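Here's the structure we're looking at; comments come further down.
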Amino acid sequence: MRGTTRALSVAAFALGALVMGGCSHTWYQFEVSQVERSHIDATKNALAATQANPNALAQVVDLEGRRGAEALIAGMSVQSNQGDAQVERLSRVLYLAIMGDAEDPLAALDQDMTMAGARVAQRIAQGGLNQMGLGGLAAMVGVVGDDDGQRLREMSVSLQRGQPQTCGPFDVIVSYDAGILGHIHTSITDNDATYQAWKQRVQAVHLVRFTCATNHMLVVMTRNRGEAGLRVIGWHFVTQAQWESMRPGLRHAFDLPQ
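Under the working numbering, the first residue of the sequence shown carries the number 39, and numbering increases by one thereafter.
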């Protein structure tokens, strides 16, 4: 435990602070085109169809994009939160996507990203961090390996538990133009080849809520350059009670219209 904690402290010190390059443009919106909505629905259906097949799931989930998102969270989680508000909101969107099933989704809304980083560090130190729930961050500090097969198996179990085939109507909570990534610089992201490759190909990031038979599914999907449809970064299933608790926080965290 002491060795793990020390590794985390050294890693956190090395991450560095966020640097923004004068991000004054508005990079987010609350509506997407009807064509994009049809792609969102098709991607959810594809996700539901692959839930018991990790190999098929690999065609829907963008694991390298997920690792890129983890690198962004890693860089954001230790900065002083004095960067651009749009970047912090984007980080919260991505954090919702890569949280583990057992984590409280309110944590992505209620805590600043420095606190989110502390939560990640605590989970790693306790040795309970899996590949689906921010596993890539654990790999960054040498605590666990990073394995595609393990990630996909855990994601498959999550889908079987959440039953996305029962999900129907959806709302796009917020959509980001991924051009904002060009304004984000941290020592992690600037030196992470996977993140840099993801940044070059991702064009849009959507946070979508699906209403399901007994719960809700929050999904982060991306549009990538050169791909016909959308890919999935991750999801989080929430109960009806959790969703009702989250709604005020979502409006505040993402500056949603009334």
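Even glycine gets a Cβ: it sits at the ideal position worked out from N, Cα and C.
Because the structure is a prediction, the values reported are computed rather than measured.
For A251, is the beta carbon positioned less than 8 Å from some heavy atom of the ligand COA? What this structure holds is no ligand at all, so the ligand COA is not there to describe.
Are there 16 or more other CB atoms within 10 angstroms of the CB of D185, so buried, or fewer, so exposed? Taking the first residue of the sequence shown as 1, we reach residue 185 at position 147. D185 should be labelled exposed.
Grab me the residues of T277's own chain with a C-beta within less than 7 Å of its C-beta, minus the 5 sequence neighbours each way, in chain order. One-based indexing of the sequence shown puts residue 277 at position 239. Result list for T277: N253, in chain order.
Within this structure, are the beta carbons of L190 and A86 separated by less than 9 Å? Against the sequence shown, residue 190 aligns to sequence position 152. Against the sequence shown, residue 86 aligns to sequence position 48. It is not a contact, given that the beta carbons lie outside the stated cut-off.
How is the alpha helix (DSSP H) around S194 delimited, first residue to last? Residue numbering aside, residue 194 sits at position 156 when the sequence shown is read from its first letter. 186-200 is the span of the alpha helix (DSSP H), which, as asked, contains S194.
Which one or two residues does DSSP pair with V258 in a beta bridge? Position 220 of the sequence shown holds residue 258. Paired residues: L245, G272.
For G217 and Q89, the rounded distance between their alpha carbons: Counting from one through the sequence shown, the residue named residue 89 turns up at place 51. Counting from one through the sequence shown, the residue named residue 217 turns up at place 179. For Q89 and G217, the distance between alpha carbons rounds to 31 Å.
Assign Q72 to one of three DSSP states: helix, strand, or coil. Numbered from its first residue, the sequence shown carries residue 72 at position 34. Here Q72 sits in helix by DSSP.
Looking at the structure shown, is G166 part of a helix, part of a strand, or coil, going by DSSP? Position 128 of the sequence shown, counted from the start, is the residue given in the question as residue 166. Any reading at G166 needs caution, since the residue's pLDDT is 43, under 50, leaving its predicted position unreliable; the model's value is listed next. Three-state result, G166: coil.
Helix, strand or coil: how does DSSP classify D215 here? Looking up residue 215 in the sequence shown gives position 177. Reduced to three states, the DSSP call for D215 is strand.
When you compare the stretch 122-132 with the stretch 234-242, are there three or more beta-carbon pairs, one atom per stretch, that lie closer than 8 Å? no
For D100, name the three-state secondary structure that DSSP assigns. Along the sequence shown, one-based indexing puts residue 100 at 62. In this structure, D100 counts as coil in the three-state DSSP scheme.
Given V258 as reference, the closest of G264, W65, M137 once Cα atoms are compared: Taking the first residue of the sequence shown as 1, we reach residue 258 at position 220. Nearest option by C-alpha distance: M137.
For D228, does the three-state DSSP call read helix, strand or coil? Numbered from 1 along the sequence shown, position 190 holds the residue referred to as residue 228. Three-state result, D228: helix.
Beta-carbon proximity of R285 to G103, cut-off 9 Å: For this step, residue 285 is matched to residue 247 along the sequence shown. For this step, residue 103 is matched to residue 65 along the sequence shown. Not in contact: R285 and G103 (Cβ atoms no closer than 9 Å).
Compute the distance between the beta-carbons of L219 and L134, then report whether it is under 9 Å. Locating residue 219 in the sequence shown gives position 181, counting from the first residue. Locating residue 134 in the sequence shown gives position 96, counting from the first residue. Result no, Cβ atoms of L219 and L134 do not sit closer than 9 Å.
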